[in-house]
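First residue of the sequence shown: 2, per this note's numbering; consecutive thereafter.
Working notes for the structure below.
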Amino acid sequence: MPKGMTENVSRAGTNTSAGANQYNVFSTWLGVISSLNKNLMPSATGCSRPNGPTRLGPTRSCINALTLRSANSMIIRMRKLTAMTNIALVSRIARSIQSIPNMRLP
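What follows is the structure, encoded as structure tokens:
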């Protein structure tokens, strides 16, 4: 007889926790959905009129100037950059040569 009483007690405990878990799943999903609704609605009302073109999405103003240049102006820009780089390189070489004793440029 003690065998049957032990079996009934163990079954009663599992049925109670299984029922609690069953109802807990529903309340968890309802809580997640209500939390999302509460958090997303204020952000949607704050952005009812977005800035800029909505069809193209956000843009970066620092990139716009480069994309609007023509091919000719890009070539001219590269020539200016290489000329300035050459001038800087020559002046740096001249300064390093002048720093060596007994080597002076006229």
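By construction, the Cβ of each residue, glycine as well, lies at the ideal position given by its N, Cα and C atoms.
Since this is a predicted model, take the numbers as computed values, not measurements.
Alpha carbon to alpha carbon, how far is A95 from A84?
-> One-based indexing of the sequence shown puts residue 95 at position 94. One-based indexing of the sequence shown puts residue 84 at position 83. Between A95 and A84, the C-alpha separation is close to 17 Å.
Counting only the same chain and skipping the five closest in sequence on each side, list residues whose C-beta sits under 6 Å from that of L90.
-> Position 89 of the sequence shown, counted from the first residue, corresponds to residue 90. Cβ within range, chain order: n/a, list empty.
Taking just the CA atoms, how far does I88 sit from I98?
-> Here residue 98 corresponds to residue number 97 of the sequence shown, with the count starting at 1. Here residue 88 corresponds to residue number 87 of the sequence shown, with the count starting at 1. In a straight line, the C-alpha of I98 is about 15 Å away from that of I88.
Report the rounded CA-to-CA distance for V80 versus R93, giving the unit in angstroms.
-> As a working note, residue 80 is residue 79 in the sequence shown. As a working note, residue 93 is residue 92 in the sequence shown. According to the sequence provided, residue 80 is Arg. The question's Val does not apply to it. Distance between the alpha carbons of R80 and R93 is about 20 Å.
Going straight from the alpha carbon of S100 to that of T86, what length do you get?
-> Position 99 of the sequence shown, counted from the first residue, corresponds to residue 100. Position 85 of the sequence shown, counted from the first residue, corresponds to residue 86. If I take the Cα positions, the gap works out to 21 Å.
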